[in-house]
Amino acid sequence: MNDPHLKLLRCVAGLPALWLATAAATDLPEPSGHVARVEGAAYVSSRGYTNAARVGQAIIPGVTLSTGEGGALGVILSDGSVLSFGPHSELVLDDYRFAPAEDQLRFDARLQRGTLNLLGGDIARLAPGAIAVDTPDGRVRLHGGQMLLKVVE
Amino acid sequence: MRAGWRGWAVVLLAAALAGCSGRSYVMLPGAGSVALDDQEPPQLKHVGQGITLGDARPFSVSALRRERDFERTLAAQPALPERHMLQLRADGQPDAAAEAVVQQVLEAVRRRDYPVVTVIGHTDTLGAEAANVRVGLRRAQAVAELLKARGLETMELRVTSHGERNLLVATPDATAEPRNRRVEVLIR
């Protein structure tokens, strides 16, 4: 068992696994939040794949959140911001970063259709106006507290 | 004459309602403030007011309209995140009240189906910024260990530091402020 060749072989055999683990870690950014409530038809689309939303599912920047007929969805982000959607809604989270120590507070989303309830978390407190939601009819910035937004197609 | 005036009022009201309901808008259901198209200061500041996107004047949103447009949206709001605060003594250890806070955290975690816990260390503005990030992280790690030792069970536990960039009490740089030396536990 103490054969140095065997040790070397084990070490080398372990390398691809280590490399894969690192690759996976760099490919997947740290979650920005998670799905906290699902009712009926609600979906999370990321990297070209669309899945039915599940409670606990991770949310990452670039994700599209949507609901269909009768569906509703609730999400909590890492700064404590809370979002919920009514039926027939669609939101793209273009950019999200909550790292106060690195001076990074970003929340850029697009509500394409439907309704959004948004309670601002730490990002709204530390950088009022940093939470921006674009719509086909213009941009809305939350400077604090809670807002309700409806986009009519 | 009077009937004619009423007739016109009804027509105008109907036209206004039809115009309103067909357009995108934002409103404040509670305390808050909202700005349209990067304007400063925010135009929307009062509870119950709304503003049509692309328009300039806020209007009062009727309870009926709010319910019709947002009842389902508000019903889908998840349980709000809870924040608990532990103060630290000068030697960096949790103070006498910490044990009670730890119990509150454990209970809050048990109440949730899918608890995600973030332990965040904070410092005051005394000392170098980069060093304070490390100090905040050490404080957060100490509290995370304490929570685990008391039996914390969670789907996800994150330990992080905001250093001196997220003050509880605003102070200038290089200011000792015990209230800013704290560890925050966010349960969501």
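Which chain is which? The protein sequence lines are A and B, in order.
Residues 1237 to 1389 (my numbering) make up the first sequence, in order.
Residues 2 to 189 (my numbering) make up the second sequence, in order.
Virtual Cβ for every residue (Gly too), placed ideally from N, Cα, C.
Keep in mind that this is a model prediction, so the values were computed, not measured.
>> Per the DSSP calculation, ILE1296(A) is bridged to which residue(s)?
In response: None; ILE1296(A) has no bridge partner.
> Which residue's Cα is closest to the Cα of VAL134(B): ALA150(B), ARG166(B) and ALA109(B)?
Replying inline: ARG166(B)
> What three-state label does DSSP hand GLU157(B) in the structure shown?
Replying inline: In the structure shown, GLU157(B) sits in a strand (DSSP, three-state: E or B).
> Counting along the chain, where does the alpha helix (DSSP H) carrying LEU89(B) start and finish?
Replying inline: Segment: none, LEU89(B) is in no alpha helix (DSSP H) and carries neither H nor E.
> Along chain B, which residues have their Cβ under 8 Å away from the Cβ of ASP1358(A)?
Replying inline: ASN167
>> As a quick exercise: from HIS85(B), ALA32(B) and PHE60(B), pick the residue whose alpha carbon is nearest that of GLN104(B).
In response: HIS85(B)
>> Any beta carbon from chain B within less than 9 Å of VAL1328(A)'s own beta carbon?
In response: Answer no: the Cβ-Cβ gap between VAL1328(A) and chain B never drops below 9 Å.
>> Rounded to whole angstroms, what is the Cα-Cα separation between THR74(B) and GLY1310(A)?
In response: 9 Å
> Can you tell me whether ALA91(B) is buried or exposed, with buried defined as 16 or more other CB within 10 angstroms of its CB?
Replying inline: exposed
>> So, with DSSP's three-state summary, where would you put GLY108(B)?
In response: Note that residue 108(B) is Glu in the sequence shown here, rather than Gly. It is helical.
>> Please classify THR1258(A) as buried or exposed, where buried requires at least 16 neighbouring CB atoms within 10 angstroms.
In response: Here the model assigns THR1258(A) a pLDDT of 42, short of 50, so the residue's position is not dependable, and the following value carries that caveat. With fewer than 16 other Cβ atoms within 10 Å, it is exposed.
> Contact check, ALA1308(A) vs ALA76(B) under 8 Å by CB: the rounded distance?
Replying inline: 7 Å
>> Check whether chain A comes within 9 Å of GLY20(B), counting only Cβ atoms and requiring the distance to be less than that.
In response: Interpretation of GLY20(B) is limited by its pLDDT of 46, a score under 50 that renders its predicted location unreliable; the figure taken from the coordinates is listed afterwards. Not closer than 9 Å to any Cβ of chain A, the Cβ of GLY20(B) fails to qualify, so no.
> Between which two residues does the alpha helix (DSSP H) carrying VAL136(B) extend?
Replying inline: 130-150
> Can you find a C-beta in chain A that's less than 9 Å from the C-beta of VAL186(B)?
Replying inline: Among the CB atoms of chain A, none fall inside 9 Å of the CB of VAL186(B).
> What's the C-alpha gap between GLN1348(A) and VAL186(B)?
Replying inline: 34 Å
> Just how far apart, CA to CA, sit GLU1275(A) and LEU148(B)?
Replying inline: 33 Å
> MET86(B) touches chain A at which residues, Cβ-Cβ below 7 Å?
Replying inline: In chain order: nothing, as chain A lies at least about 13 Å away.
>> Could you check whether the Cβ of VAL1311(A) sits closer than 9 Å to any Cβ belonging to chain B?
In response: yes
> If the cut is a Cβ gap below 9 Å, which residues of chain B does ASN1353(A) touch?
Replying inline: PRO30, PHE71, THR74, LEU75, ALA77 and GLN78
> Along chain B, in chain order, which residues have C-beta atoms closer than 7 Å to that of ILE1388(A)?
Replying inline: Here residue 1388(A) turns out to be Val, not Ile, going by the sequence shown. Correct list: GLY23, ARG24 and SER25.
> Quick one: what's GLN1340(A) bridged to in DSSP?
Replying inline: ALA1335(A)
> Taking just the CA atoms, how far does LEU1352(A) sit from ILE1312(A)?
Replying inline: 13 Å
> Looking at chain A, which residues of the stretch 132-160 of chain B have a Cβ within less than 7 Å of any of its Cβ atoms?
Replying inline: VAL134 and MET156
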